[in-house]
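Asks:
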């Protein structure tokens, strides 16, 4: 009998894996109006060729798996909903029906396939729970905003670069920014991120597959401060002043970590150098009081809070203290104590 081992959350969670423009466009299209709780009826696609079917099916697969993981990563409570939470494997053993379970028991979306002929297929895609979808989308957008997404593409544009592309489009001519139609899918990430930041709103979003078997996206947007505020985010003080005016009250400046985050910071400060600035999840997860956290869900939440609070303390939106390396399956630590950049 092999040695018993627990399934790590890192093996069932996206860990900042990026999703394609097509996958994000499908998510945003099926959500309809973001601020309205009413569910949209969903989309029905008819594919006439195997190439169309494969193109669309790859996008749906990405949404049902990688994007869904952002829901499980959004909070500890969400992680506890994962069908493989607390699964115990034996060494060399693989999960059964792991991929199939993402489709059969997906908490966010529902997909139905129907074969109409030898070449024609019907695919119906809809939302099960809009609130859960928005939790996943918010978690994705938050990581996108800090350029924390892992992507195979070497030429992947940063959040700032994609914002600039969108800004250039909206200011190219004297457009009506209260009813501006966008027909290029390359803007989808900047659109979703700035809607998440409440700088614009998206309506009438639709997705399809063109004659080249590529995803196409169309939507209408209303600018709610993106164009006017563009560039101000580069200056942290400007952003805080704007937030203060909007809230009509002083905004407190963070000077210390919260107590729970302080425990994590103390740990990495103590052990990072000795561990060659690599901290493995198992060092932090286990039974208390020997370990800081009981499961990977809590650790993921606290790492996100650590990074956010440190940025607030040092007024630097670019730094990340702990960043998960998918290849090494550990957290890489930025050496801020010896002024040495590790990440």
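Residue numbers (the numbering used here): -2 to 340.
Virtual Cβ for every residue (Gly too), placed ideally from N, Cα, C.
Given the structure is predicted, the values throughout are model-derived calculations rather than measurements.
#1: Please list, in chain order, all residues of the same chain as residue 290 whose beta carbon is under 6 Å from its beta carbon, the five residues on each side excluded.
#2: So, using beta-carbon positions, are residue 317 and residue 72 closer together than 8 Å?
#3: Where does residue 341 sit, in a helix, a strand or coil, going by DSSP?
#4: For residue 94 and residue 53, what's the separation of their Cα atoms in angstroms?
#5: To test your reading of the DSSP string, which unbroken beta strand (DSSP E) runs of 3 or more residues are found completely within the region 135 to 175?
#6: With DSSP run on the structure shown, which of helix, strand or coil describes residue 217?
#7: Between the Cα of residue 191 and those of 142, 204 and 201, spot the shortest distance and give me the residue it belongs to.
#8: To the nearest angstrom, how far is the alpha carbon of residue 48 from that of residue 210?
#9: Excluding the 5 residues preceding and the 5 following residue 18 in the sequence, name in chain order all residues of the same chain whose CB lies nearer than 6 Å to its CB.
#10: Taking just the CA atoms, how far does residue 224 sit from residue 179?
#11: For my contact list, residue 105 and residue 130 are in at a C-beta cut-off of 8 Å; report their separation, rounded to the angstrom.
#12: Is residue 44 near residue 117, with beta carbons less than 8 Å apart?
#13: Less than 6 Å between C-beta atoms, sequence neighbours within five positions excluded: which residues of the same chain meet that for residue 41?
#14: Mapping DSSP to helix, strand and coil, what is residue 41?
#15: Span of the alpha helix (DSSP H) holding residue 57?
#16: What residues in its chain sit with their C-beta under 6 Å from that of residue 269, if we drop five residues either side in the sequence?
#17: Where does residue 201 sit, in a helix, a strand or coil, going by DSSP?
#18: Could you tell me the alpha carbon to alpha carbon distance between residue 14 and residue 20, rounded to whole angstroms?
#19: So, with DSSP's three-state summary, where would you put residue 125?
#20: Round the Cβ separation of residue 80 and residue 98 to the nearest angstrom and send it over; I've been treating them as touching at under 8 Å.
#21: Would you kindly work out how many angstroms separate the C-alpha atoms of residue 96 and residue 62, rounded to a whole number?
#22: Tell me the rounded alpha-carbon separation between residue 252 and residue 310.
#23: Would you list the residues sitting across from residue 327 in a DSSP beta bridge?
#24: Going along the chain, which residues of its own chain have a beta-carbon closer than 8 Å to the beta-carbon of residue 201, five neighbours each way excluded?
#25: Could you check the C-alpha separation between residue 124 and residue 39 for me, to the nearest Å?
#26: Please report how far the alpha carbon of residue 165 lies from the alpha carbon of residue 148, in whole angstroms.
#27: If we count the other Cβ atoms within 10 Å of its Cβ and call it buried at 16 or more, is residue 103 buried or exposed?
#28: Are the beta-carbon atoms of residue 76 and residue 293 separated by less than 8 Å?
#29: Mind checking residue 114: buried by the 16 CB within 10 Å criterion, or exposed?
#30: Hey, could you find the ends of the beta strand (DSSP E) residue 110 is sitting in?
#31: Taking residue 261 as the reference, which of 158, 301, 227 and 284 has the closest Cα?
#32: Which residues in the same chain have their Cβ closer than 7 Å to the Cβ of residue 274, if we skip the five residues on either side of it in sequence?
Replies: The structure says:
#1: Position 293 of the chain shown, counted from the first residue, corresponds to residue 290. Result list for residue 290: 281, 282 and 296, in chain order.
#2: In the chain shown, counting from the first residue as 1, residue 317 sits at position 320. In the chain shown, counting from the first residue as 1, residue 72 sits at position 75. Result no, Cβ atoms of residue 317 and residue 72 do not sit closer than 8 Å.
#3: Look at the range of the chain in this structure, -2 to 340, and you will see that residue 341 is not part of it.
#4: Start at 1 with the first residue of the chain shown, and residue 94 comes out as number 97. Start at 1 with the first residue of the chain shown, and residue 53 comes out as number 56. Rounded to the nearest angstrom, the two C-alpha atoms are 22 Å apart.
#5: none
#6: Here residue 217 refers to the residue found at position 220 of the chain shown. If DSSP states are grouped into helix, strand and coil, residue 217 belongs with the strands.
#7: Position 194 of the chain shown, counted from the first residue, corresponds to residue 191. Nearest option by C-alpha distance: 142.
#8: Counted from its first residue, the chain shown places residue 48 at position 51. Counted from its first residue, the chain shown places residue 210 at position 213. Computed Cα separation, rounded: 6 Å.
#9: Residue mapping note: residue 18 aligns to position 21 of the chain shown, counting from 1. So the qualifying residues of the chain are 182 and 185.
#10: Walking along the chain shown from the start, residue 179 turns up at place 182. Walking along the chain shown from the start, residue 224 turns up at place 227. So the alpha carbons of these two residues sit roughly 15 Å apart.
#11: On the chain shown, residue 105 is found 108 positions in, with the first residue counted as 1. On the chain shown, residue 130 is found 133 positions in, with the first residue counted as 1. Right, their Cβ atoms sit about 5 Å apart.
#12: The residue given as residue 44 occupies position 47 in the chain shown. The residue given as residue 117 occupies position 120 in the chain shown. Yes.
#13: What you label residue 41 is simply residue 44 of the chain shown in a count that begins at 1. If we look at residue 41 and ignore the five residues flanking it on each side, its Cβ neighbours are 121.
#14: Here residue 41 refers to the residue found at position 44 of the chain shown. It is a strand residue.
#15: Counting from 1 along the chain shown, the entry for residue 57 is found at position 60. Run containing residue 57: 47 to 59, per the alpha helix (DSSP H) assignment.
#16: By one-based count along the chain shown, residue 269 stands at place 272. 330, listed in sequence order.
#17: Along the chain shown, read from residue 1 onward, the residue named residue 201 stands at position 204. It is a strand residue.
#18: As a first step, residue 14 is located in the chain shown; it is residue number 17 there, counting from the start. As a first step, residue 20 is located in the chain shown; it is residue number 23 there, counting from the start. Roughly 13 Å between the two C-alpha positions.
#19: Sequence index remark: in the chain shown, residue 125 carries index 128 (1-based). In this structure, residue 125 counts as coil in the three-state DSSP scheme.
#20: The residue you call residue 80 lines up with position 83 of the chain shown. The residue you call residue 98 lines up with position 101 of the chain shown. Right, their Cβ atoms sit about 5 Å apart.
#21: As a position in the chain shown, residue 96 is number 99, starting the count at 1. As a position in the chain shown, residue 62 is number 65, starting the count at 1. Their Cα atoms are separated by approximately 8 Å.
#22: The count along the chain shown starts at 1 and reaches residue 252 at position 255. The count along the chain shown starts at 1 and reaches residue 310 at position 313. Each residue's Cα considered, the two are about 5 Å apart.
#23: Your numbering for residue 327 matches position 330 in the chain shown. According to DSSP, residue 327 bridges with 322.
#24: Here residue 201 is taken as the residue at index 204 of the chain shown, counted from 1. Excluding residues within five positions, the ones whose Cβ falls inside 8 Å are 215, 216 and 217.
#25: Mapped onto the chain shown, residue 124 falls at position 127. Mapped onto the chain shown, residue 39 falls at position 42. Their backbone Cα atoms lie some 7 Å apart in a straight line.
#26: As a working note, residue 165 is residue 168 in the chain shown. As a working note, residue 148 is residue 151 in the chain shown. Straight-line Cα distance between these residues: approximately 25 Å.
#27: By one-based count along the chain shown, residue 103 stands at place 106. Looking at its Cβ environment, which holds 16 or more other Cβ atoms inside 10 Å, residue 103 is buried.
#28: Numbered from 1 along the chain shown, position 79 holds the residue referred to as residue 76. Numbered from 1 along the chain shown, position 296 holds the residue referred to as residue 293. Taking 8 Å as the Cβ cut-off, residue 76 and residue 293 qualify as a contacting pair.
#29: Sequence index remark: in the chain shown, residue 114 carries index 117 (1-based). Exposed: under 16 other Cβ atoms inside 10 Å.
#30: In the chain shown, residue 110 corresponds to position 113, counting from 1. That run of the beta strand (DSSP E) goes 106 to 112.
#31: The residue you call residue 261 lines up with position 264 of the chain shown. For the residues 158, 301, 227 and 284, the minimum Cα distance to residue 261 belongs to 301.
#32: Here residue 274 refers to the residue found at position 277 when the chain shown is read from its first residue. These residues qualify, in order along the chain: 329, 330, 332 and 339.
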